[in-house]
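Inspection log for the structure reproduced underneath, given as structure tokens.
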Amino acid sequence: MVPMKNAARAVFQNNELLRHLDSAGIDRVVQLATRRSYEQGSAIFTEGDRAEAIYGVISGQVQISARSSSNGEIFLDAYGSGRIFGLISGIDGLLRCTTARAAPTAEVFVICRDQFLRLIAAEPRLSIGLLAVFCQRQRVVTGLIVGEYSQRDIPARLAHRVLELTGVDPSGTSCLDITQAELAKFVFVSRQVVNQYLSEWHSRGWVAKSPRHLRVTDRQALLAVATSAGTGM
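Residues in the sequence shown are numbered consecutively from 73, following my numbering.
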């Protein structure tokens with residue numbers, strides 16, 4: 073592990089949780105955090121592990137997954153720069169309920185659980201940030217249960233997930249570093265089904281795809297698919 077330097081302050085100031093802190097609070101985080109780098113596919117933590125820290129993405133991407141009842145793997149989310157992960161177990165101290173892997177590579181900051189809990193006690197503004205993060209993620213979970221998997225057809229689910237994972241880019245184009253097999257696990261379908269719809273969207277100029285990358289070129293078109301009840305083809 074490598075200590076975080078003051079040059080990394082911008083990472084914390086733009087972080088979804090830590091941006092609520094003032095300059096003195098950010099200084100405390102800089103002193104507590106360490107930096108780790110992970111190669112493609114490396115596990116940052118694994119389902120069932122003891123929770124000893126919380127994490128935040130500096131660069132790259134981290135995929136969150138969990139085992140299904142049939143021992144398959146379900147992809148739950150993908151976090152890019154500025155996102156916090158490992159919070160739930162990092163706070164309640166229970167075993168990890170998900171697995172986090174670098175995809176393809178990731179640089180993260182790490183704060184030991186005990187130090188993080190002391191930081192919460194010393195920085196009330198951090199509690200506000202925690203509530204905001206948990207509320208936002210609860211909205212995502214609710215949307216998945218009520219909308220994506222109970223009411224939407226496959227293309228709508230796929231379009232919704234692609235838009236959610238790529239985030240909002242002011243330029244109107246967004247890139248996602250993911251394989252079709254990985255994307256299929258996000259929407260509970262086969263890779264062949266994902267390829268079918270992505271190929272059709274590619275021919276319409278909505279996306280550009282390669283074996284490891286997906287670029288959204290027409291967010292409005294995908295948004296229309298995500299909110300429709302049609303086939304999306």
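Backbone N, C-alpha and C define an ideal beta-carbon position, used for all residues, glycine too.
With DSSP as the reference, label residue i as helix, strand or coil.
i, result
"E195", "coil"
"D99", "helix"
"A174", "strand"
"S262", "coil"
"R91", "helix"
"L167", "coil"
"D249", "strand"
"A123", "coil"
"R284", "coil"
"G162", "helix"
Just the Cα atoms here: how many angstroms apart are residue i and residue j?
i, j, result
"A228", "L198", "36 Å"
"A231", "G152", "19 Å"
"V102", "Q133", "21 Å"
"L255", "E179", "22 Å"
"C247", "L286", "6 Å"
"H274", "A82", "36 Å"
"T251", "V266", "10 Å"
"R155", "A194", "22 Å"
"S95", "L167", "33 Å"
"A204", "D149", "18 Å"
"N87", "S114", "23 Å"
"G239", "R233", "10 Å"
"L294", "R209", "22 Å"
"R104", "S300", "It is worth fixing the name first, because residue 104 is Leu in this sequence and not Arg. Approximately 47 Å between the Cα atoms of the pair."
"D186", "Q268", "48 Å"
"N190", "Q292", "A small correction: the amino acid at residue 190 is Arg; Asn does not occupy that position in the sequence shown. Looking at the two C-alpha atoms, the distance is approximately 45 Å."
Determine which residues share a DSSP beta bridge with residue i and list them.
i, result
"R139", "E145"
"Y151", "V134"
"R108", "V180"
"F188", "Beta-bridge pairing links F188 to no other residue."
"A115", "R173"
"G128", "I156 and F181"
"V297", "Its beta-bridge partners do not exist; DSSP assigns none."
"V279", "V288"
Quick one: what's got a C-beta closer than 7 Å to residue i's C-beta in the same chain, skipping five residues either side?
i, result
"A253", "R263"
"E111", "A174 and T177"
"G277", "T289 and D290"
"V279", "L270, W273, L286, R287, V288 and T289"
"S140", "I146"
"S109", "E179"
"F157", "Y127, V134, I136, Y151 and A172"
"H92", "R197, L198, I200 and G201"
"V297", "P227, A228, A231 and G304"
Here's a check: name, in chain order, each residue in its chain whose Cβ is nearer than 6 Å to the Cβ of residue i, leaving out the five neighbours to either side.
i, result
"I159", "Reading off the sequence, residue 159 comes out as Leu, not Ile. Contacts found: I126."
"V212", "none"
"L237", "A150 and L248"
If residue i sits next to residue j, beta carbons under 8 Å apart, how far is it from one beta carbon to the other, in whole angstroms?
i, j, result
"C169", "E119", "6 Å"
"K257", "F147", "4 Å"
Who are the Cβ neighbours of residue i in its own chain at under 8 Å, not counting the five residues just before and after it?
i, result
"R122", "L167 and R168"
"I98", "R81, F84, Q85 and L90"
"T303", "For T303, the pLDDT reaches just 46, beneath the cut-off of 50, and the residue's location in the model is therefore unreliable, leaving the point undetermined."
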